[in-house]
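What follows is one structure encoded as structure tokens, with my remarks underneath.
There are 2 protein chains.
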Amino acid sequence: MNIDATDMEVRAHAEHHASLRLWLRLLSCTTRIEDTIRQRLREQFGITLPRFDLMAQLEREPQGLSMSELSRRMMVTGGNVTSIVDQLEKEQLVQRQMQASDRRSFTVSLTEAGRTAFAAMAQAHEGWVVELLAPLAANQQEHLQALLGTLKSGTPTHSKETK
Amino acid sequence: MNIDATDMEVRAHAEHHASLRLWLRLLSCTTRIEDTIRQRLREQFGITLPRFDLMAQLEREPQGLSMSELSRRMMVTGGNVTSIVDQLEKEQLVQRQMQASDRRSFTVSLTEAGRTAFAAMAQAHEGWVVELLAPLAANQQEHLQALLGTLKSGTPTHSKETK
DNA sequence: TATTGTTATACTCTATAACTATA
DNA sequence: TATAGTTATAGAGTATAACAATA
Chain A
2 MNIDATDMEV
12 RAHAEHHASL
22 RLWLRLLSCT
32 TRIEDTIRQR
42 LREQFGITLP
52 RFDLMAQLER
62 EPQGLSMSEL
72 SRRMMVTGGN
82 VTSIVDQLEK
92 EQLVQRQMQA
102 SDRRSFTVSL
112 TEAGRTAFAA
122 MAQAHEGWVV
132 ELLAPLAANQ
142 QEHLQALLGT
152 LKSGTPTHSK
162 ETK
Chain B
2 MNIDATDMEV
12 RAHAEHHASL
22 RLWLRLLSCT
32 TRIEDTIRQR
42 LREQFGITLP
52 RFDLMAQLER
62 EPQGLSMSEL
72 SRRMMVTGGN
82 VTSIVDQLEK
92 EQLVQRQMQA
102 SDRRSFTVSL
112 TEAGRTAFAA
122 MAQAHEGWVV
132 ELLAPLAANQ
142 QEHLQALLGT
152 LKSGTPTHSK
162 ETK
């Protein structure tokens, strides 16, 4: 637009546009997969994604987690964790256990039924993920993993010329 | 687990696990960026992501879109589009216009104020995206775009050995 | 009859804030 | 005082289904 636009500015505009297109594609790919998984979890197991995620957190920590730790890991506020745990407890998939050391707190863990149910769901879930990522060959998946690692860590492997 | 497990099965298990890790990383990267954008849109412009998305759809189609077309493009049901358009119309950012050809339908488009407001939001939005993707150099972003294109299209560039 | 859009309802997730019990 | 967790409230987004007007 500017008559004084330099090559660098032109290039910067083009790169900005490319970043925006990349973000829209990243978002649409992820959303499409997530929606598919969400729908299948609901249809086949009658469970929502946040509940599945909470159970997955507990599955990784057999000794259980406190409400506040769950809140931190799931990045949602405490009140929400309470309601999700309430629902899962009603279905006897998780249990609250008193802690002798601190009577304000307690430990949430999977019940035996919860472990069994989660195992079936996790197996199906993994199958869906494999299926939905199948358009990418194994070496492409590795490459994608590496690129996303760079994006996540915030550590560029190549320095950028533009400030 | 199985005593008869062949090398292929072992490899398949390893690849399945890698796919799952890739999916979790894809999800966390995307969610992190999306949450940041959502939060900034709310704080700086008092708008939600679905409303921003609807305005973005309209910005691309100056002649406007019908409710059903908006519903299709945003992949949400008609009732939801009605409520989002209602809110934006109340803020005078979009307008409903009668269509002579079909009196059941009408055209939704950005108002002048809506175009102005959207321009400011879109510019900020693009800047955030550039910032959040900055850990990746330009050539890495191109690579990521290509890989996601393969994932999206469902057309593997390499055939897979496993059925 | 089919389609366009609205309305009503219900549910989940979310954040905020006030609250209780314990440390 | 501070912390762990709960409760209450409000709001957004979503799907479903019944509905009115028009084609």
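Heads up: the protein sequence lines correspond to chains A and B, in order.
Positions 2 to 164 (the working numbering) are the ones given, in order, by the first sequence.
Positions 2 to 164 (the working numbering) are the ones given, in order, by the second sequence.
Yeah, the Cβ is synthetic: ideal placement off N, Cα and C, and Gly gets one too.
It should be emphasised that the depicted structure is a prediction, and the values quoted were computed from it without experimental measurement.
**Request:** Kindly indicate if chain A contains any beta-carbon less than 9 angstroms away from that of residue 161 of chain B.
**Result:** At residue 161 of chain B, the pLDDT of 36 sits below 50, so the modelled position is not reliable; the number obtained from the coordinates is stated separately. Yes, its Cβ sits closer than 9 angstroms to a Cβ of chain A.
**Message:** Give me the residue from B/18, B/8, B/7, B/12 with the minimum Cα distance to residue 129 of chain A.
**Reply:** B/18
**Asked** Do the stretch 88 to 99 of chain A and the stretch 112 to 122 of chain A meet, that is, are 3 or more Cβ pairs less than 8 angstroms apart?
**Response** The stretch 88 to 99 of chain A and the stretch 112 to 122 of chain A touch, with no fewer than 3 CB-CB distances between them shorter than 8 angstroms.
**Prompt:** Looking at the unbroken alpha helix (DSSP H) that takes in residue 78 of chain A, where does it start and where does it end?
**Reply:** Neither: residue 78 of chain A is in no alpha helix (DSSP H) and is coded neither H nor E.
**Test item: CB-CB of residue 31 of chain B and residue 66 of chain B under 9 angstroms** = no
**Request:** Helix, strand or coil for residue 108 of chain B, going by three-state DSSP, please let me know.
**Result:** It is a strand residue.
**is_contact[residue 152 of chain B, chain A] using C-beta, thresh 9 angstroms** = Taking Cβ atoms only, chain A reaches closer than 9 angstroms to residue 152 of chain B, which makes this a yes.
**Request:** State yes or no: is the C-beta of residue 146 of chain B within less than 9 angstroms of the C-beta of residue 151 of chain A?
**Result:** Cβ distance not < 9 angstroms, so residue 146 of chain B and residue 151 of chain A don't count as in contact.
**Asked** How would you label residue 122 of chain B, buried or exposed, when you count the other beta carbons within 10 angstroms and need 16 or more for buried?
**Response** Burial of residue 122 of chain B is indicated by the presence of at least 16 other C-beta atoms within 10 angstroms of its C-beta.
**Request:** Could you tell me the boundaries of the alpha helix (DSSP H) in which residue 141 of chain A lies?
**Result:** 139 to 154
**Request:** Determine the closest residue to residue 58 of chain A out of A/45, A/86, A/33, A/36, with distance taken between C-alpha atoms.
**Result:** A/86
**Asked** chain A beta carbons: is any one of them nearer than 9 angstroms to that of residue 136 of chain B?
**Response** It does: the Cβ of residue 136 of chain B has a partner Cβ on chain A nearer than 9 angstroms.
**Request:** Evaluate residue 161 of chain A with the Cβ neighbour count: other Cβ atoms within 10 Å of its Cβ, from every protein chain shown; 16 or more gives buried, anything less gives exposed.
**Result:** Because residue 161 of chain A carries a pLDDT of 36, less than 50, the predicted location of this residue cannot be relied on, and the following value inherits that uncertainty. That one is exposed.
**Prompt:** What three-state label does DSSP hand residue 69 of chain A in the structure shown?
**Reply:** Reduced to three states, the DSSP call for residue 69 of chain A is helix.
**Run of the alpha helix (DSSP H) containing residue 45 of chain A, from where it starts to where it stops** = 8 to 46
**Prompt:** What in chain B is Cβ-close to residue 130 of chain A, meaning under 7 angstroms?
**Reply:** 20, 21, 24
**Message:** Buried or exposed, going by whether 16 or more other CB atoms sit within 10 Å of the CB of residue 159 of chain B?
**Reply:** Residue placement at residue 159 of chain B is flagged as unreliable, the pLDDT there being 39, under the threshold of 50; a coordinate-derived value is accordingly withheld.
**Message:** At a CB distance below 8 angstroms, what residues from the stretch 55 to 69 of chain B approach chain A? Give them in sequence order.
**Reply:** none
**Message:** By the DSSP assignment, the alpha helix (DSSP H) with residue 124 of chain A in it spans what residues?
**Reply:** 113 to 134
**Asked** Is the shortest distance between the beta-carbon of residue 72 of chain B and the beta-carbons of chain A less than 9 angstroms?
**Response** no
**Asked** residue 88 of chain B by DSSP, collapsed to three states: which one?
**Response** Correct three-state label for residue 88 of chain B: helix.
**Asked** Using a Cβ-Cβ distance under 9 angstroms, would residue 35 of chain A count as near chain B?
**Response** yes
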